[in-house]
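S.K.:
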Amino acid sequence: MKIALAQLDYHIGNFDGNLNKMLAAVEQAKTQGADIICFGELAVCGYPPRDFLEFDDFIQRCYTSVDVLKNASRDIAIVVGAPSRNPVPEGKDLYNSAYFLYGGEILGVQHKALLPTYDIFDEYRYFEPARVFHPVAFKGKKIALSVCEDIWNVGNENPLYTICPLDEMMADAPDFILNISASPFNYAHAALRIHTVRANVERYNIPLFYTNHVGAQTDIIFDGGSIVMSPDGLVFDEMPYFEECLRVYELVEVQAGGRSAEQPKEKVRLIHDALLVGIRDYFRKLGFSKAILGLSGGIDSAVTAVLAAKALGPENVRVLLLPSQYSSDHSVDDARQLAVNLGIAYDIVPIRPIFEAFEAALQPFFEGLAFNVTEENIKARSRGTLLMAMSNKFGNILLNTTNKSEMAVGYGTLYGDLCGGLAVLADVYKTEVYALAAYLNKDGEIIPQNSIVKPPSAELRPGQKDSDSLPPYEILDALLYQYIECRKGPRELAALGFDETLVARVLRMVNLNEFKREQAAPVLRVSSKGFGMGRRMPIVGKYLS
Numbered sequence: 049m050k051i052a053l054a055q056l057d058y059h060i061g062n063f064d065g066n067l068n069k070m071l072a073a074v075e076q077a078k079t080q081g082a083d084i085i086c087f088g089e090l091a092v093c094g095y096p097p098r099d100f101l102e103f104d105d106f107i108q109r110c111y112t113s114v115d116v117l118k119n120a121s122r123d124i125a126i127v128v129g130a131p132s133r134n135p136v137p138e139g140k141d142l143y144n145s146a147y148f149l150y151g152g153e154i155l156g157v158q159h160k161a162l163l164p165t166y167d168i169f170d171e172y173r174y175f176e177p178a179r180v181f182h183p184v185a186f187k188g189k190k191i192a193l194s195v196c197e198d199i200w201n202v203g204n205e206n207p208l209y210t211i212c213p214l215d216e217m218m219a220d221a222p223d224f225i226l227n228i229s230a231s232p233f234n235y236a237h238a239a240l241r242i243h244t245v246r247a248n249v250e251r252y253n254i255p256l257f258y259t260n261h262v263g264a265q266t267d268i269i270f271d272g273g274s275i276v277m278s279p280d281g282l283v284f285d286e287m288p289y290f291e292e293c294l295r296v297y298e299l300v301e302v303q304a305g306g307r308s309a310e311q312p313k314e315k316v317r318l319i320h321d322a323l324l325v326g327i328r329d330y331f332r333k334l335g336f337s338k339a340i341l342g343l344s345g346g347i348d349s350a351v352t353a354v355l356a357a358k359a360l361g362p363e364n365v366r367v368l369l370l371p372s373q374y375s376s377d378h379s380v381d382d383a384r385q386l387a388v389n390l391g392i393a394y395d396i397v398p399i400r401p402i403f404e405a406f407e408a409a410l411q412p413f414f415e416g417l418a419f420n421v422t423e424e425n426i427k428a429r430s431r432g433t434l435l436m437a438m439s440n441k442f443g444n445i446l447l448n449t450t451n452k453s454e455m456a457v458g459y460g461t462l463y464g465d466l467c468g469g470l471a472v473l474a475d476v477y478k479t480e481v482y483a484l485a486a487y488l489n490k491d492g493e494i495i496p497q498n499s500i501v502k503p504p505s506a507e508l509r510p511g512q513k514d515s516d517s518l519p520p521y522e523i524l525d526a527l528l529y530q531y532i533e534c535r536k537g538p539r540e541l542a543a544l545g546f547d548e549t550l551v552a553r554v555l556r557m558v559n560l561n562e563f564k565r566e567q568a569a570p571v572l573r574v575s576s577k578g579f580g581m582g583r584r585m586p587i588v589g590k591y592l593s
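Every letter in the sequence shown is one number past the one before it in this note's numbering, and letter 25, counting from 1, is 73.
1. Measure the C-alpha to C-alpha separation of P135 and D465 and round it to an integer number of angstroms.
2. Give the straight-line distance between the Cα atoms of D152 and L71, rounded to the nearest whole angstrom.
3. Put Y58 into one of helix, strand or coil per three-state DSSP.
4. I'd like the ranges of any beta strand (DSSP E) spanning at least 3 consecutive residues and lying wholly in the region 171–243.
5. Need the endpoints of the alpha helix (DSSP H) that E566 sits in, please.
6. Based on the DSSP secondary-structure assignment, which residues constitute the bridge partners of F148?
7. Can you tell me whether K490 is buried or exposed? The criterion is at least 16 other CB atoms within 10 Å of its CB, across all chains shown.
8. Taking a contact to mean a Cβ-Cβ separation below 8 Å, would you say G7 touches C93 in this structure?
9. Around the C-beta of H243, are 16 or more other C-beta atoms found within 10 angstroms, so that it is buried, or is it exposed?
10. Does the Cβ of K513 have 16 or more other Cβ atoms within 10 Å, making it buried, or fewer, making it exposed?
11. Report the residue from E205, C534, D99 and Q530 whose alpha carbon sits nearest the alpha carbon of D170.
12. Is it the case that the Cβ atoms of V127 and F148 are separated by a distance below 8 Å?
13. N206 to S575, Cα distance in whole Å?
14. Is the number of C-beta pairs between the region 315–332 and the region 228–237 that are closer than 8 Å three or more?
15. Rounded to the nearest angstrom, what separates K564 and C467 at their Cα positions?
16. Which residue spans inside the region 421–471 form an unbroken alpha helix (DSSP H) run of at least 4?
17. Looking at the structure shown, is I500 part of a helix, part of a strand, or coil, going by DSSP?
18. Rounded to whole angstroms, what's the CA-CA distance from Y258 to A437? Just pull it up for me.
19. Look up Q265 in the DSSP assignment and say whether it is helix, strand or coil.
20. Cβ-heavy atom distance between T79 and the ligand SAM below 7 Å?
21. Applying the criterion that 16 or more other CB atoms from any shown protein chain within 10 Å of the CB defines a buried residue, is N248 buried or exposed?
22. So, using beta-carbon positions, are F87 and A54 closer together than 8 Å?
23. Helix, strand or coil for R295, going by three-state DSSP, please let me know.
24. Between A357 and L390, which are expected to be in contact by the criterion C-beta below 8 Å, what is the C-beta distance as a whole number of angstroms?
25. Helix, strand or coil for Y477? Go by DSSP, reduced to three states.
26. Let me check understanding here. Comparing Cα to Cα, which of A178, Q158 and H261 lies closest to I225?
27. Put I168 into one of helix, strand or coil per three-state DSSP.
28. Tell me which residues share the same chain as N204 and place their Cβ nearer than 6 Å to its Cβ, disregarding the 5 neighbours each side in the sequence.
29. Just to confirm, are P504 and L386 a CB contact at a threshold of 8 Å?
30. Using three-state DSSP, classify F100 as helix, strand or coil.
31. Can you pull the DSSP bridge partners for E286?
32. Count the other C-beta atoms from every protein chain shown that fall within 10 angstroms of the C-beta of K333, then say buried if there are 16 or more, exposed otherwise.
33. Report the start-end ranges of each alpha helix (DSSP H) in the region 374–402 that is 4 residues or longer and not cut off at the edges.
34. Can you tell me whether E176 is buried or exposed? The criterion is at least 16 other CB atoms within 10 Å of its CB, across all chains shown.
35. R366 by DSSP, collapsed to three states: which one?
36. Going straight from the alpha carbon of L282 to that of L560, what length do you get?
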């Protein structure tokens, strides 16, 4: 028996596009002699469809796609994810289902039992959990069909759940496991995914075929990395990361094992590749092609510009250099040199006259009051206004260049440097931005060295440096990681060795600036706890001690 895994980039709600892509994969698998082809979780509609699932027409179009695939299954079995209606009045209206189609018929349907409601997931909002589990019989084999999370409670040891779906199926002695997934990327998840697949294989001693999505759905990025694992616990194959792929496997060879094809997983490279996919798919799926951003000569905007040029092509990236009276000459020179290195269009628009016009208009009201953050914010908002004007006039999407450290503590101006349609680096801490810059420069200098080594500054007042307002990024990022990703409270942070006064100060900044993050652009998620759907905090909450 030959089994094909199709690792594809789906588009939420693009039924025709998703269906045509799957039909083409079916034909390709048939030419390679596959008996079964497996697509991902909710592949017919894309994942996560969220409240589209509340539209009856949306569900009906899912059923129409399944019908077309059913008709295409006369010479090959097709396993595909789709929502299905719950015929019982009690409970949720839908199941998250895996269909097994063959010979123009539905040979089996296995609903998902374990519905994640953590981080970015909210599946119990829409779906009823499965309570019945039976393998599907096909060509003399019994197949344990499962959907994503249903393999993540190995031996019923995950405290989030009370049932282990595969344990329920083992009484029927299946020959192998098929798992269709939509498993989002974070830089540590690929290794954890292999660990989970291996735990299942070691428990049940049968092969496991795991297919994942690839591509981005706004903030959520899927990395692919579909897995075939032999009963010996070795990775028989690990499909490419961040690219579509179809491969066919001979079951007998997988059962024999003895082969290891596990790929290395280097953090900075994974983040780099994920961000490229996130930018590219955001533009492609919205029907845009051109980006604009403000280029300051600093490291954040430099890294964003390089990523945008790689993802979209340098001909599709335009930058504005927006110096104020406090910008240094080398900042303009560094920004200009980067634009030249990348071959992207750039324009220089000094903001001093705009700021002085605002200052004159406000002078009667501000007379006698000292210069403070108000004037700094006017400069930042002058830049935001110019960038948004160019975005509107020319149809370019504005890329936000804020990093996660700044986004966390609110070191940014609403309607100013927080403007944008997509926040590229807002899940990448400042120290990680430096690592990305080094990675981008590994084959030759693209980002000018001065942009990397000079002290970071917003240049909104004379001699300003980030260190005037924030602790060193090495300390700040370590503290933020423990608070945001690890959910350590103030006492726990102090026990880890962080200064109590610093902890109180930083946590106050994080919590007070939730209102800014609520209004910010979508953030490309690359960590285990990004800002957005995965971190839902009250704006008026107080949690300092």
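Positions of the beta carbon are idealized from the N, C-alpha and C atoms, including for glycine.
M.R.: This is what the structure holds:
1. The residue labelled residue 135 in the question sits at position 87 within the sequence shown. The residue labelled residue 465 in the question sits at position 417 within the sequence shown. Answer to the nearest angstrom: the Cα atoms are 51 Å apart.
2. Translated into the one-based positions of the sequence shown, residue 152 becomes position 104. Translated into the one-based positions of the sequence shown, residue 71 becomes position 23. Inspection of the sequence shows that residue 152 is occupied by Gly rather than by Asp. Using only the alpha carbons, I get a separation of about 14 Å.
3. Translated into the one-based positions of the sequence shown, residue 58 becomes position 10. Three-state result, Y58: coil.
4. As for any beta strand (DSSP E) of minimum length 3 sitting wholly inside the region 171–243, the runs are 184–186, 189–195 and 224–228, ordered along the chain.
5. The count along the sequence shown starts at 1 and reaches residue 566 at position 518. In the DSSP assignment, E566 falls within the alpha helix (DSSP H) that extends over E562 to E566.
6. As a working note, residue 148 is residue 100 in the sequence shown. Partner(s): V127 and G156.
7. For this step, residue 490 is matched to residue 442 along the sequence shown. That one is exposed.
8. What is shown of the chain runs 49 to 593, which leaves residue 7 out entirely.
9. The residue labelled residue 243 in the question sits at position 195 within the sequence shown. Flag for H243 reads exposed.
10. As a position in the sequence shown, residue 513 is number 465, starting the count at 1. That one is exposed.
11. Locating residue 170 in the sequence shown gives position 122, where the first residue counts as 1. Relative to D170, the option among E205, C534, D99 and Q530 whose CA is nearest is D99.
12. The count along the sequence shown starts at 1 and reaches residue 127 at position 79. The count along the sequence shown starts at 1 and reaches residue 148 at position 100. Yes, they are a contact pair.
13. Mapped onto the sequence shown, residue 206 falls at position 158. Mapped onto the sequence shown, residue 575 falls at position 527. C-alpha of N206 to C-alpha of S575: approximately 22 Å in a straight line.
14. Yes: at least three Cβ pairs fall under 8 Å.
15. Along the sequence shown, read from residue 1 onward, the residue named residue 564 stands at position 516. Along the sequence shown, read from residue 1 onward, the residue named residue 467 stands at position 419. Across the structure, K564 and C467 are spaced so that their CA atoms are roughly 11 Å apart.
16. For the region 421–471, whole alpha helix (DSSP H) runs of length 4 or above, ordered along the chain, are 421–442 and 452–457.
17. In the sequence shown, residue 500 corresponds to position 452, counting from 1. Helix at I500.
18. Against the sequence shown, residue 258 aligns to sequence position 210. Against the sequence shown, residue 437 aligns to sequence position 389. Y258 and A437 have their C-alpha atoms spaced approximately 46 Å apart.
19. Walking along the sequence shown from the start, residue 265 turns up at place 217. Note: Q265 maps to strand in three-state DSSP.
20. This structure does not include the ligand SAM; it has no bound ligands of any sort.
21. Mapped onto the sequence shown, residue 248 falls at position 200. When all chains shown are included, N248 counts as buried.
22. Sequence index remark: in the sequence shown, residue 87 carries index 39 (1-based). Sequence index remark: in the sequence shown, residue 54 carries index 6 (1-based). Yes, the Cβ-Cβ distance between F87 and A54 is below 8 Å.
23. Looking up residue 295 in the sequence shown gives position 247. R295 falls in the strand class under three-state DSSP.
24. Taking the first residue of the sequence shown as 1, we reach residue 357 at position 309. Taking the first residue of the sequence shown as 1, we reach residue 390 at position 342. The C-beta separation of A357 from L390 comes to about 5 Å, placing the pair in contact by the 8 Å criterion.
25. Here residue 477 is taken as the residue at index 429 of the sequence shown, counted from 1. Look at Y477 here: in three-state DSSP terms it is coil, with no helix or strand label.
26. What you label residue 225 is simply residue 177 of the sequence shown in a count that begins at 1. Of A178, Q158 and H261, the residue nearest in Cα terms is Q158.
27. Here residue 168 refers to the residue found at position 120 of the sequence shown. For I168, the secondary structure class from DSSP, reduced to helix, strand or coil, is coil.
28. Position 156 of the sequence shown holds residue 204. These residues qualify, in order along the chain: C212.
29. Mapped onto the sequence shown, residue 504 falls at position 456. Mapped onto the sequence shown, residue 386 falls at position 338. No; because the gap between Cβ atoms is not below 8 Å, this pair is not in contact.
30. Numbered from its first residue, the sequence shown carries residue 100 at position 52. F100: helix per DSSP, three-state reduction.
31. Taking the first residue of the sequence shown as 1, we reach residue 286 at position 238. Per DSSP, I275.
32. Indexing the sequence shown from 1 puts residue 333 at position 285. With 16 or more other Cβ atoms within 10 Å, it is buried.
33. The DSSP assignment places complete alpha helix (DSSP H) segments of no fewer than 4 residues inside the region 374–402 at 377–390, in order along the chain.
34. Locating residue 176 in the sequence shown gives position 128, counting from the first residue. Result: buried.
35. As a first step, residue 366 must be located in the sequence shown, where it is residue number 318. Strand, per DSSP.
36. Along the sequence shown, read from residue 1 onward, the residue named residue 282 stands at position 234. Along the sequence shown, read from residue 1 onward, the residue named residue 560 stands at position 512. CA-CA distance, L282 to L560, rounds to 48 Å.
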